[in-house]
Amino acid sequence: WLKENVSQDENMSEEALLFILKEVEQQRKLLLEVTRKIRALSKSEKYNSRMALLRTIPGIGFITAITFLTELEDIHRFGNMDHLAGYIGLVPNRHSSGSKENVGEMTFRGQKLLKSCLIESAWFAARLDPAMNLCFNQSCK
């Protein structure tokens, strides 16, 4: 619709706008192609059952599930949940000197993509799931 409404009077503006529109169309086609490939990957034998299991967790959607499966690859490589939390970056900063130990906020190290996906999923679950909302509200007190 936008192509048809471009003014014929301003030739340079028209060319620039048409160039931008062409670029947007190419980006949309690329996004569609990538989305199709990700959906096909999620339905593959390697990921299908684990995708279904992850999506039963409140707050975990398609994007978060496939991101975790592809970024973590083999979860058994982590000795325990603490190692996994450390890899993702969901552990506090610790500073110690002598007998004094300071525990700070969450570390900035770790897999930023996985950490942000998990944090957003937690917010989503806390908003939509009544039990998680109750736990969240109690932990905030």
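Counted the way this note's numbering counts, the sequence shown spans residues 7 to 147.
Idealized CB from N, CA, C, for every residue including glycine.
Please read all numbers here as calculations on a predicted model, not as lab measurements.
Mark A58 as exposed unless 16 or more other C-beta atoms lie within 10 angstroms of its C-beta, in which case mark it buried.
-> Here residue 58 refers to the residue found at position 52 of the sequence shown. Under this definition A58 is an exposed residue.
What do you get for F114, buried or exposed, if any count of 16 or more other CB atoms within 10 angstroms of its CB means buried?
-> Translated into positions along the sequence shown, residue 114 becomes position 108. Counting Cβ neighbours within 10 Å, F114 comes out exposed, since fewer than 16 surround it.
Pairwise C-alpha distance: M112 and S102 = Translated into positions along the sequence shown, residue 102 becomes position 96. Translated into positions along the sequence shown, residue 112 becomes position 106. When rounded, the distance between both Cα atoms is 16 Å.
DSSP state of S103, grouped into three classes?
-> The residue labelled residue 103 in the question sits at position 97 within the sequence shown. Three-state result, S103: strand.
Any chance you could list the alpha helix (DSSP H) runs of at least 4 consecutive residues sitting entirely within the segment 78 to 127, in chain order?
-> 87 to 94
Secondary structure at R42, three-state DSSP: helix, strand or coil?
-> As a working mapping, residue 42 is identified with position 36 in the sequence shown. The answer is helix: DSSP assigns R42 an H, G or I state.
Tell me whether A71 is buried or exposed, calling it buried when 16 or more other Cβ atoms sit within 10 Å of its Cβ.
-> Here residue 71 refers to the residue found at position 65 of the sequence shown. Buried, by the Cβ-count rule.
Just reading off the alpha helix (DSSP H) that S55 is part of, what are its end residues?
-> In the sequence shown, counting from the first residue as 1, residue 55 sits at position 49. Looking at the DSSP string, the run of the alpha helix (DSSP H) that includes S55 is N54 to L60.
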